[in-house]
Amino acid sequence: MVIGSGGRPVRSEWTGYVVIAVVVVLWAALVSCDVGGGGGGHGDHEGPVAADFVQIADVAPAPPSPAAASTGSAGTFSEDCGRNQQGIRNADNLITSPGESGGAHHAHDYVGNVSTNAFSTDDSLAAAATTCADGDRSTFFWPVLLVSDGSAATATNGDNLRVRIPDSVLVEFRGSPVSNVVPMPRFLRVLEGNPHGLTAGGADTEHVQWSCSGDRERVTRQYPLCPAGQQVVRIFDFPSCWNGKTLDSRDHHSHLLYPGPSGLCQGGTFPVPQLHIEVAYTVPPGAQYAVDSFPEELRSPISDHAGYVNVMTDALMAKVVDCLNSGQHCTS
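The sequence shown begins at 1 in the UniProt record's numbering and counts up by one.
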């Protein structure tokens, strides 16, 4: 990820904040004619609205992560799976809408398995090619980011917004701060976030995270307005406490839970490697941007989500587990 340079002249900092102020004013003007009922809420327009955005400097720093215990697994394992420069996209979701072409009603970016669609099976995923340098055929996906400036765009998506290719994608597995981890089962399916987060009243959106590349201690559930020279960053921390029984569940959440505030998994669940993904984008100053979403979600930032199907071989998963439990920082 490109980090914004420090020590900029005071004049450059003021320029960045002026750009941010202009963006806020533009968004307010854009939605003032479309928002019904007043109060700055979502109306019948496609979204997003001005209230979906926040200046990153106005976001409070995030609380510290749980302290690592001597019994914890402090290692990391990073994979290079590219940034979808190949343009692998579809509107399917094999986790929530298997067998339904276009079931997501919005486009997803993919890295890893190149064959993923609504009709994928365990066998077809295991036989497909991958963008991951270590041969991992797992599939990783999230909604595309739409940006109003098309200078680096690859496809239009209506109302002058275009798909933005990520500048970088970090795929990393992390251990538990309090214990060793056990292998994740092959073909485990997991959804992070809720694609219906807005209409569900915020249910299962507690872990939505947005930030800026130069201010990573500040994390928000709104779209961040970043100073000039910084990137918009989406962060996906997947749950990591497996029930030890099933590869999926009806709600796509209850088979794999988040650990508690102390880092401990609740009774009846076991710590597996935690998937951590960061997707960074350059958003031109003054450009409008939002995630693609179900129409009724109005491109709300809390509708952001990501999906993962583990297709690692047992040998590669064993390598990941050994790296995490031994405290190493490995790169595939």
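Don't be surprised by glycine CBs; every beta carbon is placed ideally from N, CA and C.
Open item on the list: I'd like to know whether the C-beta atoms of V320 and F173 end up nearer to each other than 7 Å.
Closed with: Here residue 320 corresponds to residue number 320 of the sequence shown, with the count starting at 1. Here residue 173 corresponds to residue number 173 of the sequence shown, with the count starting at 1. It is a contact, given that the beta carbons lie within the stated cut-off.
- [ ] In the DSSP assignment, find the unbroken alpha helix (DSSP H) run with V321 in it and report its ends.
- [x] Your numbering for residue 321 matches position 321 in the sequence shown. Where V321 is concerned, the enclosing alpha helix (DSSP H) stretches over D314 to N325.
Task: Residue interval of the alpha helix (DSSP H) (run including D123) - done: Position 123 of the sequence shown, counted from the first residue, corresponds to residue 123. Counting along the chain, the alpha helix (DSSP H) containing D123 begins and ends at D122 to A127.
Open item on the list: Please list the terminal residues of the continuous beta strand (DSSP E) segment that includes T96.
Closed with: Position 96 of the sequence shown, counting from 1, holds the residue named residue 96. The continuous stretches of beta strand (DSSP E) do not include T96, and DSSP gives it neither H nor E.
TODO: Mark E297 as exposed unless 16 or more other C-beta atoms lie within 10 angstroms of its C-beta, in which case mark it buried.
DONE: Counting from one through the sequence shown, the residue named residue 297 turns up at place 297. Looking at its Cβ environment, which holds 16 or more other Cβ atoms inside 10 Å, E297 is buried.
Open item on the list: Using CA atoms only, rank isn't needed, just tell me which of N117, T246, T130 and R216 is closest to A62.
Closed with: Here residue 62 is taken as the residue at index 62 of the sequence shown, counted from 1. Among N117, T246, T130 and R216, the Cα nearest to that of A62 is on R216.
Task: G37 in three-state terms, based on DSSP - done: Residue numbering aside, residue 37 sits at position 37 when the sequence shown is read from its first letter. Low confidence applies here, because G37 scores a pLDDT of 31, under 50, leaving its location unreliable; read the following figure in that light. Here G37 sits in coil by DSSP.
Open item on the list: Going by the DSSP bridge assignment, what does R137 pair with across the sheet?
Closed with: Residue 137 sits at position 137 when you count from the first residue of the sequence shown. According to DSSP, which records beta bridges pairwise, R137 is partnered with nothing at all.
- [ ] Count the other CB atoms, across all protein chains shown, that sit within 10 Å of the CB of A104; report buried if there are 16 or more and exposed otherwise.
- [x] Reading the sequence shown from its first residue, position 104 is the one you call residue 104. Residue environment for A104: buried (at least 16 other C-beta atoms within 10 angstroms of its C-beta).
- [ ] Consult DSSP for E172 and reduce its assignment to one of helix, strand or coil.
- [x] Taking the sequence shown and counting its residues from 1, one reaches residue 172 at position 172. Strand at E172.
- [ ] Give the single residue among G260, G263, L125 and C241 whose Cα lies nearest to the Cα of S254.
- [x] For the purposes of this step, residue 254 is taken as the residue at position 254 of the sequence shown. Nearest option by C-alpha distance: C241.
Task: Beta-carbon spacing of V147, Y289 below 7 Å - done: Within the sequence shown, numbered from 1, the residue matching residue 147 stands at position 147. Within the sequence shown, numbered from 1, the residue matching residue 289 stands at position 289. At the C-beta level, V147 and Y289 come within 7 Å of one another.
Task: Cβ-Cβ distance between S176 and S332 below 7 Å - done: Position 176 of the sequence shown holds residue 176. Position 332 of the sequence shown holds residue 332. A distance of 7 Å or more separates the beta carbons of S176 and S332.
- [ ] Identify which residue in V182, G75, S115 and Q86 has its Cα closest to the Cα of D92.
- [x] In the sequence shown, counting from the first residue as 1, residue 92 sits at position 92. Ranked by Cα distance from D92, the options V182, G75, S115 and Q86 are led by S115.
Open item on the list: Counting beta carbon pairs with one atom in the region 215 to 231 and one in the region 264 to 276, are three or more of them shorter than 8 Å?
Closed with: No: fewer than three Cβ pairs fall under 8 Å.
Open item on the list: For P224, report the span of its beta strand (DSSP E) as first-last.
Closed with: Position 224 of the sequence shown, counted from the first residue, corresponds to residue 224. Here the beta strand (DSSP E) through P224 covers Y223 to L225.
Task: Completely contained beta strand (DSSP E) runs for the region 58 to 96, where each covers 3 or more residues - done: 76 to 79
Task: Pick from L161, R186, Q55 and R234 that is closest to T121, judged by C-alpha positions - done: Working through the sequence shown from its first residue, we reach residue 121 at position 121. Checking every option, the nearest Cα to that of T121 belongs to R186.
Task: Limits of the beta strand (DSSP E) - the one that A51 falls within - done: Counting from one through the sequence shown, the residue named residue 51 turns up at place 51. Neither: A51 is in no beta strand (DSSP E) and is coded neither H nor E.
Open item on the list: What would DSSP say about E278, mapped onto helix, strand or coil?
Closed with: Counted from its first residue, the sequence shown places residue 278 at position 278. In the structure shown, E278 sits in a strand (DSSP, three-state: E or B).
- [ ] Look at the alpha carbon of V111 and the alpha carbon of G267, and state the distance between them as a whole number of angstroms.
- [x] The residue you call residue 111 lines up with position 111 of the sequence shown. The residue you call residue 267 lines up with position 267 of the sequence shown. Cα to Cα, V111 sits roughly 33 Å from G267.
TODO: With DSSP as the reference, please indicate the residues paired to D109 in a beta bridge.
DONE: Here residue 109 is taken as the residue at index 109 of the sequence shown, counted from 1. Its beta-bridge partners are R89 and W142.
Open item on the list: Going by the DSSP bridge assignment, what does V178 pair with across the sheet?
Closed with: Sequence index remark: in the sequence shown, residue 178 carries index 178 (1-based). Per DSSP, none; premise fails for V178.
- [ ] Can you say whether P195 is buried or exposed, counting buried as having 16 or more other CB atoms within 10 angstroms of its CB?
- [x] Residue numbering aside, residue 195 sits at position 195 when the sequence shown is read from its first letter. P195 should be labelled buried.
TODO: Can you tell me which of the three DSSP states E296 falls into?
DONE: What you label residue 296 is simply residue 296 of the sequence shown in a count that begins at 1. It is helical.
Task: Contacting residues, own chain, Cβ-Cβ under 6 Å from G40 (five flanking each side not counted) - done: For the purposes of this step, residue 40 is identified with residue 40 of the sequence shown, where counting begins at 1. Low local confidence applies: a pLDDT of 38 at G40 is under 50, so the model's placement there is unreliable, and no value is given.
Open item on the list: Considering Cα atoms alone, identify which of N113, W210, G87 and A280 is closest to A128.
Closed with: As a working note, residue 128 is residue 128 in the sequence shown. Of N113, W210, G87 and A280, the residue nearest in Cα terms is N113.
TODO: In angstroms with no decimal places, state the Cα-to-Cα distance between D80 and N310.
DONE: Position 80 of the sequence shown holds residue 80. Position 310 of the sequence shown holds residue 310. Cα-Cα distance, rounded: 15 Å.
Open item on the list: When you compare the CB positions of D248 and R189, do they come within less than 7 Å of one another, or not?
Closed with: Taking the first residue of the sequence shown as position 1, residue 248 is located at position 248. Taking the first residue of the sequence shown as position 1, residue 189 is located at position 189. Yes; because the gap between Cβ atoms is below 7 Å, this pair is in contact.
Open item on the list: Among the candidates N90, A118, D109 and G82, whose CA atom is the shortest distance from the CA of G99?
Closed with: Numbered from 1 along the sequence shown, position 99 holds the residue referred to as residue 99. Taking the Cα of G99 as reference, the smallest distance to any Cα among N90, A118, D109 and G82 is reached at A118.
Task: DSSP three-state assignment for S211, whether helix, strand or coil - done: Here residue 211 corresponds to residue number 211 of the sequence shown, with the count starting at 1. Looking at S211 - three-state DSSP - the assignment turns out to be strand.
Open item on the list: On the criterion of 16 or more Cβ atoms from any shown chain inside 10 Å, does Q230 qualify as buried, or is it exposed?
Closed with: Locating residue 230 in the sequence shown gives position 230, where the first residue counts as 1. Under this definition Q230 is a buried residue.
TODO: From the DSSP output, in three-state form, read off P271 for me.
DONE: For the purposes of this step, residue 271 is taken as the residue at position 271 of the sequence shown. In this structure, P271 counts as strand in the three-state DSSP scheme.
Open item on the list: Closer than 6 Å to a non-hydrogen atom of the ligand GTP - does that hold for the CB of A57?
Closed with: Ligands are entirely absent from the displayed structure, and the ligand GTP is therefore not among its contents.
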